Every structure is written in structure tokens, then in C-alpha cells.
Amino acid sequence: MSTHDATAAPPAVGSENYLNCSHGFRSWFFTLDHKRIGVMYLASILSFFLLGGILALLIRTELLTPTRTLMSADDYNKVFTLHGAIMIFLFIIPGIPAALGNFVLPLMLGAKDVALPRLNLASYHLYLIGALIAVLSIVQGGVDAGWTFYAPYSTTTNTAVVTLTFGVFVLGFSSVFTGLNFIVTMHKMRPAGMGWFDMPLMLWALYATSIIQVLATPILGITMVLLIVERVMGIGIFDPALGGDPVLYQHFFWFYSHPAVYIMILPAMGIISEVVSVFSRKHIFGYRAIAYSSIAIAAFSFLVWGHHMFTSGQSELMNMIFSALTFSVSIPSAVKMFNWLSTMYKGSIRFDTPMIYALSFMFLFGIGGLTGLFLGSLATDIHLHDTYFVVAHFHYVMFGGTVIAFLAGLHYWWPKMFGRMYDEKWGRISAIIISVGFNITFFTQFVMGSQGMPRRYYAYVDKFEPYHVISSFGSYLMAAGFFMTAWYLVKSLYRGRPAPANPWGGAAMEWQAASPPVLHNFTEEPVVGDPYDYSNQDYDPAIGGYVLRKPEVSDR
Amino acid sequence: MSKHQEGPAYAHVVPVRTLLGVFGALMFLTVLTYAVTYVDLGALNIWVALGIALVKGTLVALVFMHLLWDRKFYAVVLVSALLCVMIFIGIALLDSGQYQADLIPNFAPGITLRC
Amino acid sequence: MSTPHEGRGEHADPHLQHHFQSMAQQYDSGKFGMWLFLVTEVLLFGGLFCAYAVYRANHPEIFAYAHQFLDKTLGGLNTLVLIVSSLTMAMAVRCAQLGQQRRLKQMLAATLLCACVFLAVKGVEYEHKWKHGLLWGTRYTSQEAAPAAAAAPATEAPAAIAAPADGGTTLPHAAAGPAGLAAEPQTGHGAGAHGGHGPAGPAPRNVHLFFGIYFVMTGLHGIHVLAGMIAIVWLLRRSAAGEFGPEYFAPVDFVGLYWHLVDLIWIFLFPLLYLIH
């Protein structure tokens, strides 16, 4: 579908660019160009986001009434499992790094491509194969084990667990290759004059993300292998009936899956660092603190996985250690938050669509992060575990955090990717609708969770019905916002005003390339400078964008 | 990065003598680790075996895998990966040792259907 | 590490890709990528080592008993074979760097041969275990005592071994009530600990767990050997066309790194699985 969207778009400025330099399915599907791979990723993840979103709406609709609304209990189990698995493995994890990151990383470095373009393409093909295998499990009747595939239920249920887990295994390799590629690119392709601390913070965030992808994802791979072997051959390592240890499965799973939530949130924080500075017209506050906090989060992410296991048989000793470590993760996260706020302080803030999403991110991620502390403390977690409080916390961080930041990034780089401006008015309206809908949907879940509504339940006590109804209507509002977004974004591809090279006045190097960039990114050697220094650019009303004030370009 | 008279400009060529020397050491250590199992050292046996394996592994990594002459960063990468594995194994061991007493071997209520 | 390579404007090599400035930069990028890939392999096996460690620490009796079914000598032989293959692979890299085409092909072929020997020996071991039902989980059917063990009065052993074979039938233990359940494994542990020190006592419970771990670990390793063999065949074909030389030897180097890692993992697998005292 990427092929259709993108090739159908007429050349923006009439000149040759990466979108129109060659045509046909093969020129896209076997391209080594990081920009086309990024666009294909974008189209793919958005398709799966649509699928996962439809499943979410099915869940919310089913929960409108305390008993059966439109599907059986078994189908409900399958729907929430698929919603989780698709959103996590097919959408959020590759979402920002593989789609947006692939597109902007070489541009931000002033490079022609990522270091290993063939591996990049292989990563996309693996993603596609893995995604198709995972989706095949729907055809086989679905999976009802939950996206965490906890043993021993996942090894004994007679649904298509093997297919879905094998898909996840393949997707893991795709993720590893993307991360590996990014690390190598940042090490070896930085231009002369750009040291580590001259990189845009988006790149620091992607670097931290990639470290986690490389170090944690293989454990997911081996976990899935063991689970498959367990089911197919009955090897017994996780199966208590055979003397195996199901708690060990949770250690295996969360050793990957906790760092994985930082794979999801770190690049989101990178986007926010870019957007907040650009739309405040102010140098980012505390550059080094933000950069180091990304790495600190990556390091901490490997030490907190046990907080998912407080109530599942983990020993008290480890509970205490993991609880203490969990609290310490909030420090680097808060460092980032305060730096963003300080960046905005006394800035000339422009409320363009990306900025509205960024503000929304800070609000929602703040709530999501702080409620994480409730869950991280041992005593309150006993009460709150496996309730809607957890569901709400997770969605505040993953949706309110990652997806909102993804939308911020998508709108921020959309003109660069397709050379067209979207309708700013509709952008703002739908950004607000999505944020409001989101809060209606998930804030009610905090309330009902704290009152004891367990997650994953099909039928519930009558007293929770009003909350569920409110939550469901919030989700419909959110869906409306998303369809609106899809509508004006697609429309912009055909009718949008041609985008100038630098519509927002960003100072990072990707804005020195044309919109959309040419095949090898830059027509002339880009100038390396401070990515947050806005003093040497002027707004040119004739093109509706910013231009570098050439003579005063410093040669640092 | 090291320069060498012959061969490529940007990589180090390992002399045959070094390779053969390491090979000999590896062979010797394999025989040693085999022989040592016939000596009862109690709980120490596994640590001796692991120690020998570690020495062998280090030799392979340093010489056969060129770490000795390559960028030191590759060694940092490898060591950080090993550290990561250590953390994982260490915590899993610590925890499983603690909750082991609570486990009832082969007790799995509700898991009767195996397919 | 702080600055990338500057292009030195060397003569354009046909192997130089468009987005790199020099062969050195390209080689460095590839090598770094390869090292990161090896790191993921280390972690992949790290998971298995973790499973091994957890079961060995908590059920030492299983390992002390079951390892006697493994053939130390064959395992040792395989270790030596892999070390030889590592040497020939390292020599192959050297030959490629120096442009010694004939010896490069010989060394690669020797490595391939060693890999075949390794898999053949592994096959002999697997076949032996298959014959005797020394398999994983539900497939474990062995009724025989450990090689060194006399027919000791195995009171609990047969039941313990038979139990896993039909999965859920272990439930009757629950009939003993919570107290009985808590007490029961204690005795099992005690017997196991004793068995660990003597030559071989009666089989402890859940011996199949050892074979499960053994087959997963050696099986995954074997798959890696197979993948390495495919890569070496690919190298052989390219070296037959004389593609490698001092200017371009990166593929040989990278496959070499992978091959050494496979060897390195076996260096740890061998004492952990075969040489349990």
C-alpha cells in the first residue's frame, strides 16, 4: 500500500526526489534506500495499527454491558490477546525507530544512507514475514493466552500459540537488525565535526533504544523458541506438570519485555526533545542531562523486570530489590520532563500540531509515569495488580506516551517525508480530540481499577457498568480523531501545499535536505552545526518556511 | 587500524606462530579439563571447569577473533553483553533459589489436558 | 572512537558501496555490525545458560545422575574438532588478507570438513540417546539405571520416571494434602543430594529435564554450526572466483568471527553438559 500512497503523490516541487526517481513495485520492495524502507515500514505499521485499533474497539464495545454484548467469552479472550500482540509487536516496537527513525536518522547525520542498507531491507522483509505469520494465527482460530503468553496456560491451551510466537520470534530478529544498524550508523557515519554531543537528541534516544534492542531482544527470541519447543515437543522446562518452573518463564519473558517498553518510550522521548525545542524557538535546556538520561534509562531497564512479578511467586527478597530499582527509573524520566519544561520556559511557543501532541505527551506521560510508582511499591501493588489500574497505567505510558509522540513525529516530519503540508487546522482539532478521547477512555479505568475491576474480564459486576460505558464512548471519540487524522493526511498527499525544505524552522540537518529529499539525501554538502541553534535562520514568507542565513554560518 | 608490511592497510594480519601457539594452548586446556574431572575436588570441580573454559574462551576471543588488535570498543561491547547475561542469570538464580521451597514439584492443578 | 574515518580518496574499489567514503570505513562498519550480531548470539545462548543454571542449582541431583548417559570422550573429541576448525578458519582469514588464493580455499574446505565431522559425531550421540529413550520431557522413556549404577533398590525411582510420561497423572500427589505435598519433595531432594556424590544412585525425579536442556542447547548450537557451514560454502564459491584479497576480505573475516563464536559457545557447553562431577 505504501507503493500506492507514495507513487501516486505528484512530485512536490516538480524536481526529482526519492519518491519519483523510480517506479514500480520492485523499485520499492527491493529498495536499499532508507527513506523508502522507512515509508514502507510506516505504511505497514499503520495498517497493523488500524487492525489493532479495530480489535480495541471490539473490546470496548463488548464491555459496554456486564454480560455478552457481541461476542462469546472465548472470542473476547482471543480479541484482547491479538489486540495486545499486534499493538506491541507489530506496531509500537517498530513504530518510531523503524518507520520514523529509519527515515530521519541518516538525514540527521547528513549521511547518504544507514551503514548497512541491505540489512535494513532484510529487517523490513523479516518484519513483513513475521507480521504475516503472526496474523496467520487469526486464520487458525486466534490465540487466547494473552500477549504475555504466560506458561503453563500458553503451553496447554489448544489455540494457535505456536504460530503467533513464531511470528514474534521473527519480528524480534527484525527489531535486532534495525537496532544493530542504527548503532553502527551512529558510530561510523557521523560527519566530520559532529561529535557525540553535537547529535540531535532524537539520535541519542535512538541510540539508547538500539542498545536495548540488541541486548534484550535475543532473550525474547530464546523464550519464544523454548515456548515453541515446549508446545511441539513437550520439553517441560516451563511446565509444572513435567517438573518445570513457570515462574522462570516470567523471568525470561520480562527480561525482554520490560526493556521493551523502553524500546517503545525512549524514541518517543527523542521526538519530544526535538519538537519542544523547535516549537519553543529556544535551545534545548540541559542537552547533556537529556542525553545521559536516555542512556541511564536504557541501563536501568535491564534491572527492573521483576516488578511485573510481585504477585506471581517471586521471592520477597527480589520483590524488594526490584521495587527499589523501579523507583530509581523515575529519576532519569523526570530529568527529561523537567528539561522539556525548562526548554519551554520563556520560549516563543507555537501551537502547531506537533507541539500540541508534544504537550499532550507531557501531560499524559506524567500521569502514566506517576501511576507507575503506585504499581512499583509493593504494598499498593498487591491491591492494584491485574486490575484496570494496570491497564490504564500501561495505556497512559504506551498510548499517551509513545503513540502520541509518534503522532507528533509523524506530523513534524510529514512535510519532509512527502513534500506536502497537511491541513494545520484539522491537525490541531484532531490532536485535541484524540487527547480528550484518550483521557475519557483511560482515566475512568484508573478509577474502576482502584475499585477492584480486574483486567481481562469478560463479565463484570454491575457497579462498574457506568465506568465501562464512559470508557467505551471515549474510545469511539478517539477513533473518530484517528479517522480524521487519516483523512487529512491522505488528502495532503494529493492536495497539500508543497512543503518548503524547512517549514518549522528546525536546526537539525534533516531540514537542510529538500522536501522530499533526493535519492541520496543532500544535493549539496550539509552544514554541521548546533542542532538547537535557531539564531541563524530567517522566515521567508514567499516559500512559507525557514532559510539559513548563509553568510553567518559558523564553521564549527 | 594497526599497520602491517604486507596485506591490507586497515587490518592486522595474525602471524601463523601466534595462531598455532593459541591452538596448542586450547588443545592442552581441553585435555586438562577432561582430566580434571577424574579428580574429586568437591564443589570446586565446576568452578575449575568453568575457569578453564573462560581461559579458552578468552584466548579464542583475543587471538582468533582479533580482539587483541582491533578497536577496544568491540571488547567493551562483548563484555557488556556478558555482563547483561550475568545479571540475568544472577537474578534468576537468586530468585529461584529463594522461591524453590514454595514449589511443589510436578504439581500442576488444572493442567490435565496436554495436546 | 570519536570521529569517523575521513575519506582518503583511494582508488575506487568495485566493492565500495556508494554511501561510504573509504573501504576502511566500510570494513569497520561491517565489522562493528558483526560484533553486535555476535552479541545477540551471546544473549540468545545466554537465555539457555540461564535455564541451565537455574535447574542445575536447584536440582543438582538430576545433573549428577543424568550426565552419566553422555559420552565424555565423544564430547571431548568434538571439542578438539571444533578447535581445529577454529584454527583453520583463522588461517583462512589470514590467507584472504594476504591474497593466498589456493591456501584460502584449502583452509575453508578444512573448516567445512571439521564441521561435518562435528555434526556426524553429534549425530552418533543423538542416535544413541534416541535408541535408549533418553529424550526430553514427554518423550523420556528410559527405564535403565545409570551405567555405573548397580541395580539399587529403586523404591521411588520407577514411579518418578514414569510419572512425567503421562503428564497430568502426577496430580494424585495432591491427595496427600498440603502437608504431604510440602513434605514429599523434601525427601526427594535428600535422596538426590546423596545420589550426587556416590557413583550413581537411583534415578531422581524429572531426569528428563536434563535431557530437555541438553537437546535444546546442543540442538541450537548444531543449527548454528549448520548455518556456519552454509556461510562457508558461500565463501568457498566466492573464493573460487578469486574475489578475496588484501583489498577485500571482509566476508571471510566476518564469517570467521561467527565461526569462532560458535566454537566459543561449545567451549562452555562441553564442561557444563559433559563434565559434571
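Chains as they are written, first to last, in this note's numbering: chain A, 1 to 556; chain B, 557 to 671; chain C, 672 to 948. Beta carbons: idealized from backbone N, C-alpha and C, even for Gly. These numbers come from a predicted model, not from an experiment.
For residue i, does the count of other Cβ atoms within 10 angstroms reach 16, so buried, or fall short, so exposed?
i      : result
A:K112 : buried
A:F595 : No statement about residue 595 of chain A is possible, as the shown extent of chain A runs from 1 to 556 and does not include it.
C:I894 : exposed
A:Y41  : buried
C:Y885 : buried
B:V595 : exposed
A:Q140 : exposed
C:F691 : buried
A:N563 : Nothing can be reported for residue 563 of chain A: it is not among the residues displayed for chain A, which extend from 1 to 556.
A:P267 : buried
A:T67  : exposed
A:Y539 : exposed
Please determine, among the options, the residue with the shortest C-alpha to C-alpha distance to residue i.
i      : options                           : result
A:G376 : A:S330, A:L410, A:P500 and A:N339 : A:S330
A:I429 : A:F483, A:S450 and A:T387         : A:F483
A:L55  : A:F279, A:P498, A:M269 and A:G142 : A:G142
A:H308 : A:A358, A:L266 and A:V391         : A:V391
C:M888 : C:N729, C:A874, C:E712 and C:L748 : C:E712
A:F302 : A:R118, A:H383, A:F253 and A:V184 : A:F253
A:E510 : A:R497, A:G496 and A:D530         : A:D530
A:A205 : A:I295, A:G38 and A:G130          : A:I295
A:L370 : A:F327, A:A379, A:A408 and A:T343 : A:F327
Per DSSP, what kind of secondary structure is residue i in: helix, strand or coil?
i      : result
A:L548 : strand
C:G701 : helix
A:P571 : In this structure chain A extends from 1 to 556, so residue 571 of chain A is not present and cannot be described.
C:Q771 : coil
A:D423 : coil
B:D651 : helix
A:Q314 : coil
A:T148 : coil
A:G24  : coil
B:V569 : coil
A:I183 : helix
C:T826 : A caution first: C:T826 carries a pLDDT of 38, below 50, which makes its placement in the model unreliable, though a value can still be read off. It is coil, neither helix nor strand.
A:Y557 : Residue numbering for chain A in the displayed model covers 1 to 556; residue 557 of chain A lies beyond these limits and cannot be assessed.
A:D540 : strand
A:V518 : strand
A:G505 : coil
A:R190 : coil
State the Cα-Cα distance for the pair residue i and residue j, rounded to the nearest angstrom.
i      : j      : result
A:M87  : C:M694 : 41 angstroms
B:G580 : C:S756 : 13 angstroms
B:V578 : B:V616 : 8 angstroms
A:L242 : A:G179 : 37 angstroms
C:T759 : C:L751 : 12 angstroms
A:V403 : B:L597 : 58 angstroms
A:T387 : C:V923 : 54 angstroms
B:I608 : B:L649 : 22 angstroms
A:K416 : C:E914 : 41 angstroms
C:G899 : A:L548 : 52 angstroms
C:V710 : C:K802 : 37 angstroms
A:D352 : A:R281 : 12 angstroms
A:F49  : C:V933 : 39 angstroms
B:S652 : C:I938 : 26 angstroms
A:A501 : A:K35  : 16 angstroms
C:R876 : C:N749 : 30 angstroms
For the ligand ATP, is there any heavy atom lying closer than 8 angstroms to the beta carbon of residue i?
i      : result
A:A379 : Ligands are entirely absent from the displayed structure, and the ligand ATP is therefore not among its contents.
(message) For the region 123-154 of chain A, list every residue whose C-beta sits within 7 angstroms of some C-beta in chain B, in sequence order.
(response) Along the region 123-154 of chain A, going in chain order, the ones with a CB nearer than 7 angstroms to a CB of chain B are P152.
(message) Beta carbons nearer than 8 angstroms to chain B: which residues of the region 296-317 of chain A have them?
(response) Listed by position along the chain: F302, L303, G306, G313, Q314, S315, E316 and L317.
(request) Residues of the region 649-660 of chain B with a CB closer than 8 angstroms to any CB of chain C: list them in chain order, please. (result) So the close ones are L649, S652, G653, Q656, L659 and I660.
(request) Return the residues of the region 581-611 of chain B that lie within a Cβ-Cβ distance of less than 7 angstroms from chain A, sorted by chain order. (result) Within the region 581-611 of chain B, no residue has a Cβ that lies closer than 7 angstroms to any Cβ of chain A.
(request) Pull out every residue of the region 753-768 of chain C whose Cβ sits closer than 9 angstroms to any Cβ of chain B, in chain order. (result) Answer in chain order: I754, V755, S757, L758, M760, A761, M762, V764, R765 and Q768.
(request) Please name the residues in the region 513-540 of chain A whose beta-carbon is closer than 8 angstroms to at least one beta-carbon of chain C, in chain order. (result) Those residues of the region 513-540 of chain A placed with their C-beta closer than 8 angstroms to a C-beta in chain C are H520, ordered along the chain.
(request) With 9 angstroms as the C-beta to C-beta threshold (strictly closer), list the residues of the region 703-732 of chain C near chain A in chain order. (result) Cβ contacts with chain A come from F703, G704, L707, F708, V710, T711, E712, V713, L714, L715, F716, G717, G718, L719, C721, A722, V725, Y726, N729 and H730.
(request) Check each residue of the region 327-357 of chain A: if its Cβ is closer than 7 angstroms to any Cβ of chain B, include it; give the result in chain order. (result) Cβ contacts with chain B: none found.
(request) Give the residues from the region 253-274 of chain A that approach chain B closer than 8 angstroms (Cβ to any Cβ), ordered along the chain. (result) Identification of residues in the region 253-274 of chain A having a C-beta nearer than 8 angstroms to some C-beta of chain B yields F255, given in sequence order.
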